[in-house]
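Worksheet for the structure shown next.
In this note's numbering, the protein residues as written are 469 to 842.
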């Protein structure tokens with residue numbers, strides 16, 4: 469296998485790493501060796517670990533602070549085009565590129581996209597950089613004109629990327645493990661978490677770190693008497709224990725799960741607060757997605773962008789959440805239309821077909837040089 473892809477992820481939560489692992493698996497199946505690296509590990513002086521600790525702590529204890537940082541540095545037009553963090557990450561990435569000698573570099577996190585674009589623009593990266601966007605809402609730190617192309621979740625995002633940086637952008641299907649589209653363990657999953665066949669399960673997702681106001685959401689669902697909340701607390705054991713006490717027998721609080729595909733297959737709907745990978749997994753499972761009480765920053769922008777794309781419903785208020793769920797009864801046109809639009813995302817080209825080196829190289833097998841955006 470002479471072709472080789474370097475996928476640059478980030479251990480911020482679990483979503484980016486899950487996308488990177490699945491993409492690596494698909495590329496390997498197609499005959500392209502793939503190596504995944506963590507861009508946070510490329511930063512010197514353990515800055516990556518410090519950045520991850522700070523971000524997690526802020527999201528758990530002071531989300532308002534992240535909202536401020538997001539507005540100033542992620543979406544403001546007055547923010548500097550290149551940050552010291554980008555330069556440091558680019559230096560680490562350059563060392564990995566010399567070791568791996570890839571045919572293509574594939575960032576799946578915004579710091580990685582900045583680092584790869586920085587190297588490519590300055591002639592320090594001789595192979596194409598193709599960014600895989602993992603969000604519907606694309607903030608400015610995803611965007612760098614040095615990258616050769618962008619793979620986007622929908623047409624509007626692709627158009628916005630091209631308008632912003634002048635680089636080619638294409639739609640691609642969400643990168644989700646195949647098990648979510650054909651899970652058949654719904655009954656077993658219900659039994660494992662102590663639920664009955666008649667329970668109308670609404671999964672409430674708090675991400676791998678267990679962030680957001682999911683306790684209020686779960687309490688609202690339980691008090692309605694119509695839905696049984698099953699809260700996915702990730703690795704936040706403190707949140708899981710708190711919710712167990714709060715819900716009593718009116719719902720379930722779960723820690724990290726490896727059987728999410730089966731849980732989704734048993735669910736009436738998913739209530740999400742960030743618009744991340746779990747939403748894509750629900751799309752693949754044809755489970756309707758309702759977003760409520762989004763986490764600040766990219767979470768808030770992401771859930772609005774998904775709703776505008778027509779693949780989810782955004783419930784702004786408490787009463788809106790229950791009304792939205794009531795309208796998703798099986799057999800009603802609203803449920804069928806919503807899941808059909810979400811499922812249609814998977815009918816576009818898979819990401820790996822837009823990454824394979826024969827599509828990224830000239831006819832003579834030489835990597836395309838960087839071409840500045842017009």
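Each residue gets a CB set at the ideal place from its N, CA and C atoms; glycine is no exception.
Of the listed residues the options, nearest to residue i (C-alpha basis)
i, options, result
"residue 738", "665, 491, 723 and 758", "758"
"residue 809", "538, 641 and 786", "641"
"residue 636", "622, 651 and 618", "618"
"residue 715", "682, 742 and 704", "682"
"residue 740", "581, 595, 706 and 700", "700"
"residue 601", "661, 590 and 578", "578"
"residue 680", "704, 587 and 761", "761"
"residue 749", "769, 763, 764 and 727", "727"
"residue 566", "539, 533, 541 and 592", "592"
"residue 493", "539, 646, 616 and 522", "646"
"residue 608", "546, 654 and 655", "546"
Buried or exposed (CB count within 10 angstroms, at least 16 for buried), residue i
i, result
"residue 797", "exposed"
"residue 570", "buried"
"residue 821", "exposed"
"residue 610", "buried"
"residue 794", "exposed"
"residue 816", "buried"
"residue 573", "buried"
"residue 634", "exposed"
"residue 787", "exposed"
"residue 769", "buried"
"residue 665", "exposed"
"residue 729", "buried"
"residue 838", "Because residue 838 sits at a pLDDT of 45, beneath the cut-off of 50, its placement in the model cannot be relied upon, and the following sentence gives the value as read from the coordinates. So residue 838 ends up on the buried side."
Check whether residue i and residue j have beta carbons under 8 Å apart
i, j, result
"residue 507", "residue 478", "yes"
"residue 544", "residue 575", "no"
"residue 782", "residue 775", "yes"
"residue 614", "residue 589", "yes"
"residue 553", "residue 657", "no"
"residue 466", "residue 568", "This structure gives no information on residue 466, because the portion of the chain shown stretches from 469 to 842."
"residue 476", "residue 584", "yes"
"residue 743", "residue 707", "no"
"residue 674", "residue 702", "yes"
Through-space distance from residue j to residue i, alpha-carbon basis
i, j, result
"residue 802", "residue 811", "14 Å"
"residue 733", "residue 531", "32 Å"
"residue 736", "residue 800", "13 Å"
"residue 777", "residue 784", "17 Å"
"residue 686", "residue 710", "12 Å"
"residue 563", "residue 556", "11 Å"
"residue 638", "residue 818", "11 Å"
"residue 771", "residue 595", "34 Å"
"residue 517", "residue 586", "22 Å"
"residue 510", "residue 541", "21 Å"
"residue 474", "residue 612", "18 Å"
"residue 792", "residue 780", "10 Å"
"residue 481", "residue 676", "6 Å"
"residue 529", "residue 520", "14 Å"
"residue 515", "residue 505", "16 Å"
"residue 814", "residue 754", "11 Å"
"residue 488", "residue 580", "12 Å"
"residue 713", "residue 704", "15 Å"
"residue 522", "residue 558", "21 Å"
"residue 536", "residue 805", "36 Å"
"residue 672", "residue 623", "28 Å"
"residue 631", "residue 763", "27 Å"
Sequence-distant residues of its chain with Cβ nearer than 8 Å to residue i (five each side left out)
i, result
"residue 696", "663, 667, 668, 669, 670, 689, 690, 718, 719 and 720"
"residue 692", "790"
"residue 824", "471, 495, 498 and 500"
"residue 661", "698, 720, 722 and 731"
"residue 659", "none"
"residue 725", "700 and 731"
Contact set for residue i: own chain, Cβ-Cβ below 6 Å, skip 5 residues either direction
i, result
"residue 745", "483 and 486"
"residue 628", "none"
"residue 752", "644, 648 and 649"
"residue 621", "604"
"residue 773", "604 and 605"
"residue 533", "526"
"residue 807", "754 and 756"
"residue 599", "575, 581, 615 and 618"
"residue 538", "765"
"residue 747", "740 and 757"
"residue 512", "none"
Close Cβ partners of residue i (< 7 Å) along its chain, the five nearest in sequence each way excluded
i, result
"residue 625", "601, 604 and 606"
"residue 550", "586"
"residue 841", "The predicted position of residue 841 is uncertain, since its pLDDT is 47 and thus under 50; a value taken from the coordinates is nonetheless stated next. The answer, listed in chain order, is 613, 633, 634 and 635."
"residue 694", "668"
"residue 654", "730, 733 and 734"
Below-8 Å beta-carbon distance, residue i vs any chain C residue
i, result
"residue 640", "This model lacks chain C altogether, as it is built from one protein chain only."
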